[in-house]
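Numbering of the sequence shown is given in UniProt numbering, commencing with residue 1 and proceeding in unit increments. So the structure is just underneath, and the comments pick up after that.
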Amino acid sequence: MKRVLFSITCIFLSITLFGQQRIEHKSQLYKADDGKLYIQKEMPVYLYLSTSPDEDAKKVRLESEDSKDYTNPMYFDTEGINTFHSPWKIDTVTRKYVYPKEDIIFEVYADGNAPRTRIKNIAKGYKKDDKVFLRGDFSLDFKAYDGLSGVREIYYSIDGAPYKSFKKPVELSEEKVYDIQFYAVDNVGNDEKTRNQKIVIDKTNPESSIKIEGDRADNVVSGNSAIIVETTENGSGVKQIYYRINEQSVKPFKYPIKTSWFSEGEHAISYYAIDNLGNKEAWKTFDFYVDKTPPVIVEEIMGNTFMANGVEYSSGRSKFKITSMDNKAGVKSIHYKIGDNEPKEYTEPFYLKGNSGTLKIQTWAFDKVNNKAVGSKSSTKRGASYVDLAGPDLAYKFLGDFVKNRDTVIISERTKIQLIAKDPESGLDYIAYSIDEGPQKNFNETFNVADPGYHEIYFTGYDKVGNTNQSEFFFMVDNDPPRINIDFSVEPIGSKTALDNKIYVYPDHLKLFLSATDNLAGLKNIYYTINGSREYTYSTPLENFEGGRDYSIHVKVVDKLGNIREKDFKFSIN
Numbered sequence: 001m002k003r004v005l006f007s008i009t010c011i012f013l014s015i016t017l018f019g020q021q022r023i024e025h026k027s028q029l030y031k032a033d034d035g036k037l038y039i040q041k042e043m044p045v046y047l048y049l050s051t052s053p054d055e056d057a058k059k060v061r062l063e064s065e066d067s068k069d070y071t072n073p074m075y076f077d078t079e080g081i082n083t084f085h086s087p088w089k090i091d092t093v094t095r096k097y098v099y100p101k102e103d104i105i106f107e108v109y110a111d112g113n114a115p116r117t118r119i120k121n122i123a124k125g126y127k128k129d130d131k132v133f134l135r136g137d138f139s140l141d142f143k144a145y146d147g148l149s150g151v152r153e154i155y156y157s158i159d160g161a162p163y164k165s166f167k168k169p170v171e172l173s174e175e176k177v178y179d180i181q182f183y184a185v186d187n188v189g190n191d192e193k194t195r196n197q198k199i200v201i202d203k204t205n206p207e208s209s210i211k212i213e214g215d216r217a218d219n220v221v222s223g224n225s226a227i228i229v230e231t232t233e234n235g236s237g238v239k240q241i242y243y244r245i246n247e248q249s250v251k252p253f254k255y256p257i258k259t260s261w262f263s264e265g266e267h268a269i270s271y272y273a274i275d276n277l278g279n280k281e282a283w284k285t286f287d288f289y290v291d292k293t294p295p296v297i298v299e300e301i302m303g304n305t306f307m308a309n310g311v312e313y314s315s316g317r318s319k320f321k322i323t324s325m326d327n328k329a330g331v332k333s334i335h336y337k338i339g340d341n342e343p344k345e346y347t348e349p350f351y352l353k354g355n356s357g358t359l360k361i362q363t364w365a366f367d368k369v370n371n372k373a374v375g376s377k378s379s380t381k382r383g384a385s386y387v388d389l390a391g392p393d394l395a396y397k398f399l400g401d402f403v404k405n406r407d408t409v410i411i412s413e414r415t416k417i418q419l420i421a422k423d424p425e426s427g428l429d430y431i432a433y434s435i436d437e438g439p440q441k442n443f444n445e446t447f448n449v450a451d452p453g454y455h456e457i458y459f460t461g462y463d464k465v466g467n468t469n470q471s472e473f474f475f476m477v478d479n480d481p482p483r484i485n486i487d488f489s490v491e492p493i494g495s496k497t498a499l500d501n502k503i504y505v506y507p508d509h510l511k512l513f514l515s516a517t518d519n520l521a522g523l524k525n526i527y528y529t530i531n532g533s534r535e536y537t538y539s540t541p542l543e544n545f546e547g548g549r550d551y552s553i554h555v556k557v558v559d560k561l562g563n564i565r566e567k568d569f570k571f572s573i574n
């Protein structure tokens, strides 16, 4: 047998991929360093036969008699290894069969899958929407993987620039948004779909400032205001704002800081913000004074005889003078009202008009943070002026069933809530409250909350001169009765039908176990009746049932809040 050398030559059609600014990559054959031959899987294949290894030797294209319709060209169907076979192996020296007989196999690796590329170290950034934010300079580096022929090149484009072959990491240092497009091509021309990643270099710290909601005069605020820390962050976004009050422990800022929580006097709040990349601004401090004291009103008579608080005005030539003083914010305005006349703003002493025994003057003043002082002069009673600085004392009660579990009170929809306020000085004016930040209402009588779940009550007591105190408390409403569990000690031995109802039959040594579970308030008692008997409190399993009888059991369970569930069931004893 003549020595024959098979050589396989593949002629392929070029496939050109078009994409914006992408580089064309032709499909091709690739022989790796380990001798493996790779071909792009979609390329046509032609087989040629030659008797010489010389490149210019004559080559004859093979024709198939059996598979004529599927050759010239032929296509590989399998991703990965494909083979050409010829029986049998012949020793190249002796020209005899090699035993055991085996096929001669030529291997070709078909590769139809594109590589997969990723940006290295991108995971250390903060992702928001379609952008990845990175703190400081970033070294743009790519890594690509291909399962067969291997990666030939990685290409990238920054901000719409022409694609470049990736050779070494690219430093991104300018604080801006970078639009990165990239893809890889393998050694047989499979190219990856263009991938896109927006990278934002963020080196800027957040900027925070103080906002006062409510009354403010320079750095003086009222006891009814709120302090808000606002932050501007145009990059990765604010992760957290921190603050501390008067050198106390640092806390995260979550909601407005109410000045009602502060004692009257000088205070300082220090604060800073940190973004999602760890860029942190320096501490800032806002010094402020909480002014809860209303102005002091001094009323005096200028001129001849005048009765006030028991002393009668006797001269129409007398003038009424109102003086107001404030220790911090300063007086904003003074107002007065004579009898049933319209209120006026006080600017200077005014003449008194009215009849003896009927004259009544009401006065009030506001400071620059709207603390209000109220004064009153009457011809029927005279007393020393009194300044009331404290708001009412607040408390609350639950009337009816409730359970306390650690720091949580659990009530039912039938439990009444009573709000209590006492003011020993000017006296209580009214109580206002809201449920779960809902609309504010005036408290006139006890109320209940029917909706199950967690609730918070915010309430404020007002005294006769406008001083307030605020309080809040929370509780759970549990309207869900316990769940009843019924367990038979043995399986039924049969069943029967009575009035179209299926009744299971049990042996006379049956024991019946009753139990109940309650997730919140807890179980109080289990009650039962047998065949309409009086009600018993369950304590031990029910047993000693008489044979040949039907039994009807009624079970009632009650939790510690009075929530009730009932259940009926029937069975028969053999």
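Built from N, CA and C at the ideal position, the CB exists for glycine as well. Predicted, not measured: the structure shown is a model, and the values here were computed from it.
- Task: State the beta-bridge partners of E213 as determined by DSSP.
- Result: Taking the sequence shown and counting its residues from 1, the one referred to as residue 213 is at position 213. Paired residue(s): A226.
- Message: Tell me the residue span of the beta strand (DSSP E) that contains Y99.
- Response: The residue given as residue 99 occupies position 99 in the sequence shown. Counting along the chain, Y99 falls outside any beta strand (DSSP E), and DSSP gives it neither H nor E.
- Message: With three or more beta-carbon pairs closer than 8 Å as the criterion, would you say the stretch 124-136 touches the stretch 149-160?
- Response: Contact fails: fewer than three Cβ-Cβ distances are below 8 Å.
- Message: What does the alpha-carbon distance come out to for the pair K280 and I241?
- Response: Residue mapping note: residue 280 aligns to position 280 of the sequence shown, counting from 1. Residue mapping note: residue 241 aligns to position 241 of the sequence shown, counting from 1. In a straight line, the C-alpha of K280 is about 10 Å away from that of I241.
- Note down, one range per segment and in chain order, each alpha helix (DSSP H) of at least 4 residues found wholly within the stretch 479-549. If only complete runs of 4 or more residues are kept, the stretch 479-549 shows no alpha helix (DSSP H) anywhere.
- By how many angstroms is the C-alpha of F320 removed from the C-alpha of I301? Translated into the one-based positions of the sequence shown, residue 301 becomes position 301. Translated into the one-based positions of the sequence shown, residue 320 becomes position 320. Taking the Cα positions, I301 is about 5 Å away from F320.
- Option in E299, T415, N276, E348 with minimal Cα separation from K360: Position 360 of the sequence shown, counted from the first residue, corresponds to residue 360. Each of E299, T415, N276, E348 was checked against the Cα of K360, and the nearest Cα belongs to E299.
- Own chain, CB closer than 8 Å to D287, minus 5 neighbours either side, in chain order: Position 287 of the sequence shown holds residue 287. Once the five neighbours on either side are set aside, the close Cβ partners of D287 are N219, E266, H267, A268.
- Helix, strand or coil at T259 [DSSP, three-state]: For this step, residue 259 is matched to residue 259 along the sequence shown. Looking at T259 - three-state DSSP - the assignment turns out to be helix.
- Message: I'd like to know whether the C-beta atoms of G522 and S412 end up nearer to each other than 8 Å.
- Response: Locating residue 522 in the sequence shown gives position 522, where the first residue counts as 1. Locating residue 412 in the sequence shown gives position 412, where the first residue counts as 1. Not closer than 8 Å, so no.
- Looking only at its own chain, which residues have a Cβ that is under 8 Å from the Cβ of I180, when we skip the five neighbours before and after it? One-based indexing of the sequence shown puts residue 180 at position 180. Closer than 8 Å at the Cβ level, and outside the excluded window around I180, lie I119, L140, Y156, S157, I158, N196, Q197, K198, I199.
- So is I105 buried or exposed if we call it buried at 16+ other beta carbons inside 10 Å? As a first step, residue 105 is located in the sequence shown; it is residue number 105 there, counting from the start. That one is exposed.
- Is the Cβ-Cβ distance between V331 and A282 less than 8 Å? The count along the sequence shown starts at 1 and reaches residue 331 at position 331. The count along the sequence shown starts at 1 and reaches residue 282 at position 282. A distance of 8 Å or more separates the beta carbons of V331 and A282.
- If we call anything under 8 Å between Cβ atoms a contact, is P73 one with Y38? In the sequence shown, the residue the question calls residue 73 occupies position 73. In the sequence shown, the residue the question calls residue 38 occupies position 38. Taking a C-beta distance under 8 Å as the contact criterion, P73 and Y38 do not qualify as a contact pair.
- Kindly give me the distance between the Cβ atoms of L514 and I526, rounded to whole angstroms, as I take these residues to be in contact under 8 Å. For the purposes of this step, residue 514 is taken as the residue at position 514 of the sequence shown. For the purposes of this step, residue 526 is taken as the residue at position 526 of the sequence shown. Here L514 really is in contact with I526; their C-beta atoms are around 5 Å apart, less than 8 Å.
- So, using beta-carbon positions, are I210 and K176 closer together than 8 Å? Here residue 210 refers to the residue found at position 210 when the sequence shown is read from its first residue. Here residue 176 refers to the residue found at position 176 when the sequence shown is read from its first residue. No, Cβ-Cβ distance for I210 and K176 is not below 8 Å.
- Query: Which whole-angstrom value describes the C-beta separation of P492 and V477, a residue pair presumed to lie in contact below a C-beta threshold of 8 Å?
  - Reply: Taking the sequence shown and counting its residues from 1, the one referred to as residue 492 is at position 492. Taking the sequence shown and counting its residues from 1, the one referred to as residue 477 is at position 477. P492 to V477, Cβ: 41 Å. No contact.
- Item | Residues near T83 by beta carbon distance below 6 Å, same chain, minus five either side | Here residue 83 refers to the residue found at position 83 when the sequence shown is read from its first residue. Closer than 6 Å at the Cβ level, and outside the excluded window around T83, lie I105, E107.
- Task: Compare the Cα-Cα distances from R152 to each of H85, K26, Y48, K328 and report the closest residue.
- Result: The sequence position of residue 152 within the sequence shown is 152, counting from 1. Taking only the C-alpha atoms, the option nearest R152 is K26.
- My understanding is that E566 touches V555, with C-beta atoms under 8 Å, so please give their C-beta distance in whole angstroms. For the purposes of this step, residue 566 is identified with residue 566 of the sequence shown, where counting begins at 1. For the purposes of this step, residue 555 is identified with residue 555 of the sequence shown, where counting begins at 1. With 8 Å as the limit, E566 and V555 qualify as a contact, their Cβ atoms being about 7 Å apart.
- Query: Is the CB-CB distance between K344 and Y351 below 8 Å?
  - Reply: Sequence index remark: in the sequence shown, residue 344 carries index 344 (1-based). Sequence index remark: in the sequence shown, residue 351 carries index 351 (1-based). It is not a contact, given that the beta carbons lie outside the stated cut-off.
- Closest by CA to P349, which one among V369, Y255, S324? In the sequence shown, residue 349 corresponds to position 349, counting from 1. For P349, the nearest C-alpha among the options comes from S324.
- Y243 versus E264: straight-line alpha-carbon distance, rounded: To locate residue 243, count along the sequence shown from 1; it is residue 243. To locate residue 264, count along the sequence shown from 1; it is residue 264. So the two alpha carbons sit approximately 20 Å from each other.
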